[in-house]
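A short write-up of the structure that comes next.
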Amino acid sequence: MLTFYTNPQSRGRIVRWMLEEVGQPYDTVVLDYGPAMNSPDYLAINPMGKVPAVVKEGHVVTECAAICAWLAEAYPEAGLQGDDRASFLRWMFFAAGPLEAAVTNRALEVVVPPGKSGFVGYGSFERAVDTLEGALEGHDWLGGSAFSAVDLYVGAQVIWGLQFGTLPDRPAFLAWRDRLVARPAYIRATALDDALVAKA
868 MLTFYTNPQS RGRIVRWMLE EVGQPYDTVV LDYGPAMNSP DYLAINPMGK VPAVVKEGHV
928 VTECAAICAW LAEAYPEAGL QGDDRASFLR WMFFAAGPLE AAVTNRALEV VVPPGKSGFV
988 GYGSFERAVD TLEGALEGHD WLGGSAFSAV DLYVGAQVIW GLQFGTLPDR PAFLAWRDRL
1048 VARPAYIRAT ALDDALVAKA
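Right under this line is the structure:
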(Lines of atoms letter the chains of each structure in order from A and count residues from 1; the text may use other names and numbers.)
(Lines give C-alpha, C1' and ligand atoms only; values in the text may rest on other atoms or scores of the structure.)
Protein backbone atom coordinates (compact mmCIF):
# COMPACT_ATOMS: atom_id res chain seq x y z
CA MET A 1 0.00 0.00 0.00
CA LEU A 2 1.16 3.50 -0.83
CA THR A 3 0.88 6.23 1.78
CA PHE A 4 0.52 9.74 0.43
CA TYR A 5 1.29 12.74 2.67
CA THR A 6 -0.20 15.96 1.40
CA ASN A 7 -2.09 19.16 1.91
CA PRO A 8 -4.76 20.03 -0.65
CA GLN A 9 -3.35 23.56 -0.96
CA SER A 10 0.12 22.44 -1.94
CA ARG A 11 2.09 20.79 -4.72
CA GLY A 12 0.58 17.61 -3.34
CA ARG A 13 -2.16 18.18 -5.91
CA ILE A 14 0.34 17.16 -8.60
CA VAL A 15 1.03 13.87 -6.86
CA ARG A 16 -2.67 13.25 -6.19
CA TRP A 17 -3.25 13.55 -9.94
CA MET A 18 -0.36 11.15 -10.61
CA LEU A 19 -1.73 8.62 -8.14
CA GLU A 20 -5.11 8.78 -9.83
CA GLU A 21 -3.44 8.19 -13.19
CA VAL A 22 -1.53 5.20 -11.78
CA GLY A 23 -4.77 3.69 -10.51
CA GLN A 24 -3.32 1.86 -7.50
CA PRO A 25 -4.87 2.06 -4.01
CA TYR A 26 -3.29 4.53 -1.63
CA ASP A 27 -3.86 5.96 1.83
CA THR A 28 -3.94 9.74 2.22
CA VAL A 29 -2.53 11.54 5.26
CA VAL A 30 -3.44 15.23 5.25
CA LEU A 31 -1.06 17.47 7.18
CA ASP A 32 -1.69 21.06 8.13
CA TYR A 33 1.04 23.62 7.67
CA GLY A 34 3.11 24.37 10.76
CA PRO A 35 3.41 21.95 13.68
CA ALA A 36 2.04 18.90 11.85
CA MET A 37 4.60 19.12 9.04
CA ASN A 38 7.36 19.75 11.58
CA SER A 39 6.47 16.98 14.00
CA PRO A 40 9.24 14.45 14.76
CA ASP A 41 7.21 11.70 13.08
CA TYR A 42 6.87 13.58 9.81
CA LEU A 43 10.40 15.01 9.87
CA ALA A 44 11.59 11.41 9.98
CA ILE A 45 9.88 11.03 6.58
CA ASN A 46 10.82 14.41 5.11
CA PRO A 47 13.36 16.47 7.06
CA MET A 48 12.37 19.48 4.94
CA GLY A 49 9.02 19.56 6.75
CA LYS A 50 7.02 19.89 3.55
CA VAL A 51 4.63 17.88 1.45
CA PRO A 52 4.12 15.90 -0.69
CA ALA A 53 5.79 12.63 0.18
CA VAL A 54 5.01 9.06 -0.78
CA VAL A 55 6.00 6.00 1.24
CA LYS A 56 5.84 2.40 0.05
CA GLU A 57 7.35 -0.54 1.94
CA GLY A 58 9.73 1.74 3.81
CA HIS A 59 10.88 3.60 0.71
CA VAL A 60 10.35 7.36 0.90
CA VAL A 61 10.12 9.58 -2.16
CA THR A 62 9.83 13.37 -1.95
CA GLU A 63 9.88 16.17 -4.57
CA CYS A 64 7.09 16.12 -7.12
CA ALA A 65 9.23 15.39 -10.17
CA ALA A 66 10.91 12.47 -8.42
CA ILE A 67 7.59 11.11 -7.16
CA CYS A 68 6.02 11.27 -10.62
CA ALA A 69 9.00 9.59 -12.28
CA TRP A 70 9.21 6.93 -9.55
CA LEU A 71 5.51 6.10 -9.71
CA ALA A 72 5.70 5.80 -13.49
CA GLU A 73 8.54 3.28 -13.12
CA ALA A 74 7.04 1.45 -10.14
CA TYR A 75 3.77 0.84 -12.01
CA PRO A 76 4.72 0.38 -15.68
CA GLU A 77 1.30 -1.08 -16.44
CA ALA A 78 -0.09 2.46 -16.19
CA GLY A 79 1.86 3.39 -19.32
CA LEU A 80 3.19 6.69 -17.93
CA GLN A 81 6.93 6.33 -18.60
CA GLY A 82 6.81 7.82 -22.08
CA ASP A 83 8.20 6.18 -25.21
CA ASP A 84 10.92 8.81 -25.69
CA ARG A 85 12.94 8.54 -22.49
CA ALA A 86 15.40 11.24 -23.53
CA SER A 87 12.60 13.78 -23.93
CA PHE A 88 10.85 12.49 -20.81
CA LEU A 89 13.92 13.10 -18.63
CA ARG A 90 14.93 16.30 -20.38
CA TRP A 91 11.64 18.10 -19.82
CA MET A 92 11.03 16.64 -16.36
CA PHE A 93 14.30 18.10 -15.11
CA PHE A 94 13.91 21.29 -17.12
CA ALA A 95 10.63 22.00 -15.34
CA ALA A 96 11.94 21.02 -11.90
CA GLY A 97 15.00 23.23 -12.34
CA PRO A 98 15.19 26.16 -14.77
CA LEU A 99 11.48 26.66 -15.39
CA GLU A 100 10.39 26.63 -11.75
CA ALA A 101 13.30 28.87 -10.75
CA ALA A 102 12.48 31.34 -13.53
CA VAL A 103 8.79 31.51 -12.64
CA THR A 104 9.44 31.75 -8.90
CA ASN A 105 12.04 34.48 -9.26
CA ARG A 106 9.75 36.45 -11.57
CA ALA A 107 6.89 36.16 -9.03
CA LEU A 108 9.20 37.30 -6.20
CA GLU A 109 10.55 40.15 -8.34
CA VAL A 110 14.08 38.79 -8.14
CA VAL A 111 16.12 40.64 -10.76
CA VAL A 112 19.27 39.09 -12.17
CA PRO A 113 21.89 41.85 -12.57
CA PRO A 114 22.86 42.77 -16.13
CA GLY A 115 25.52 40.45 -17.50
CA LYS A 116 24.90 37.83 -14.79
CA SER A 117 22.28 35.64 -16.50
CA GLY A 118 24.87 32.89 -16.88
CA PHE A 119 24.89 32.48 -13.10
CA VAL A 120 21.27 31.28 -13.00
CA GLY A 121 20.18 28.04 -14.59
CA TYR A 122 17.39 29.61 -16.60
CA GLY A 123 19.17 32.57 -18.19
CA SER A 124 16.03 34.67 -18.31
CA PHE A 125 12.32 34.16 -17.74
CA GLU A 126 11.60 34.80 -21.40
CA ARG A 127 14.17 32.27 -22.56
CA ALA A 128 12.81 29.55 -20.25
CA VAL A 129 9.23 30.17 -21.38
CA ASP A 130 10.23 30.28 -25.06
CA THR A 131 12.07 26.98 -24.63
CA LEU A 132 9.03 25.22 -23.21
CA GLU A 133 6.80 26.68 -25.89
CA GLY A 134 9.21 25.41 -28.53
CA ALA A 135 9.08 21.91 -27.06
CA LEU A 136 5.30 21.86 -27.47
CA GLU A 137 5.14 23.22 -31.00
CA GLY A 138 4.06 20.42 -33.31
CA HIS A 139 3.71 17.95 -30.42
CA ASP A 140 0.78 16.97 -28.25
CA TRP A 141 2.98 15.45 -25.55
CA LEU A 142 6.48 15.93 -24.14
CA GLY A 143 7.48 12.33 -23.47
CA GLY A 144 6.73 10.82 -26.85
CA SER A 145 3.62 9.80 -28.73
CA ALA A 146 1.23 9.68 -25.75
CA PHE A 147 0.50 11.33 -22.42
CA SER A 148 3.02 10.43 -19.71
CA ALA A 149 4.17 11.52 -16.26
CA VAL A 150 6.27 14.35 -17.70
CA ASP A 151 3.16 15.90 -19.24
CA LEU A 152 1.47 15.66 -15.87
CA TYR A 153 4.31 17.25 -13.93
CA VAL A 154 5.20 20.01 -16.37
CA GLY A 155 1.56 20.46 -17.35
CA ALA A 156 0.53 21.02 -13.74
CA GLN A 157 2.97 23.92 -13.61
CA VAL A 158 1.51 25.34 -16.81
CA ILE A 159 -2.07 24.92 -15.56
CA TRP A 160 -1.20 26.84 -12.38
CA GLY A 161 0.86 29.41 -14.27
CA LEU A 162 -2.03 30.20 -16.59
CA GLN A 163 -4.50 30.29 -13.70
CA PHE A 164 -2.44 32.68 -11.58
CA GLY A 165 -0.89 34.73 -14.37
CA THR A 166 2.71 33.64 -13.80
CA LEU A 167 2.93 32.24 -17.34
CA PRO A 168 1.77 33.99 -20.51
CA ASP A 169 -1.36 32.85 -22.39
CA ARG A 170 0.43 31.38 -25.37
CA PRO A 171 -1.58 29.18 -27.77
CA ALA A 172 0.60 26.11 -27.24
CA PHE A 173 0.15 26.36 -23.45
CA LEU A 174 -3.59 26.90 -23.67
CA ALA A 175 -4.13 23.95 -26.02
CA TRP A 176 -1.98 21.68 -23.84
CA ARG A 177 -3.85 22.77 -20.71
CA ASP A 178 -7.16 21.95 -22.36
CA ARG A 179 -5.98 18.42 -23.19
CA LEU A 180 -4.71 17.88 -19.65
CA VAL A 181 -7.69 19.12 -17.65
CA ALA A 182 -10.01 16.88 -19.68
CA ARG A 183 -8.32 13.73 -18.37
CA PRO A 184 -10.57 11.70 -16.05
CA ALA A 185 -7.76 11.27 -13.49
CA TYR A 186 -7.21 15.03 -13.36
CA ILE A 187 -10.93 15.58 -12.79
CA ARG A 188 -11.04 12.94 -10.02
CA ALA A 189 -7.92 14.28 -8.30
CA THR A 190 -9.17 17.85 -8.41
CA ALA A 191 -12.51 16.85 -6.93
CA LEU A 192 -10.82 14.96 -4.08
CA ASP A 193 -8.56 17.86 -3.17
CA ASP A 194 -11.29 20.47 -3.58
CA ALA A 195 -13.46 18.45 -1.19
CA LEU A 196 -10.65 18.48 1.40
CA VAL A 197 -10.30 22.25 1.03
CA ALA A 198 -14.05 22.71 1.49
CA LYS A 199 -14.04 20.44 4.54
CA ALA A 200 -11.24 22.43 6.16
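Numbers 868 to 1067, taken from the working numbering, label the letters of the sequence shown in order.
Idealized CB from N, CA, C, for every residue including glycine.
Since this is a predicted model, take the numbers as computed values, not measurements.
Contact between the stretch 932-946 and the stretch 974-989 is not established, with fewer than three Cβ pairs separated by less than 8 Å. Here DSSP, grouped into helix, strand and coil, assigns V978 to coil. Selection L886, F871, G1001, S877 evaluated against S1015 yields L886 as nearest (Cα-Cα). Ranking V970, A932, G949 by CA distance to the CA of M959 puts A932 first.
Below 8 Å, too few C-beta pairs join the stretch 1000-1009 and the stretch 920-928 to call them touching: fewer than three. The Cβ atoms of F955 and G946 lie no closer than 7 Å to each other. With a minimum length of 3 residues, the unbroken runs of beta strand (DSSP E) contained wholly in the stretch 920-1005 fall at 920-923, 926-929.
Linking A1042 to P875 through their CA atoms gives a straight-line distance of about 26 Å. Taking the Cβ atoms as the reference, L1034 lies roughly 15 Å from V1048, outside the contact range of under 8 Å.
In the structure shown, the three-state DSSP call for Y893 is strand. Using a 10 angstroms sphere on the CB of G1028, the tally of other CB atoms reaches 16 or more, which defines it as buried.
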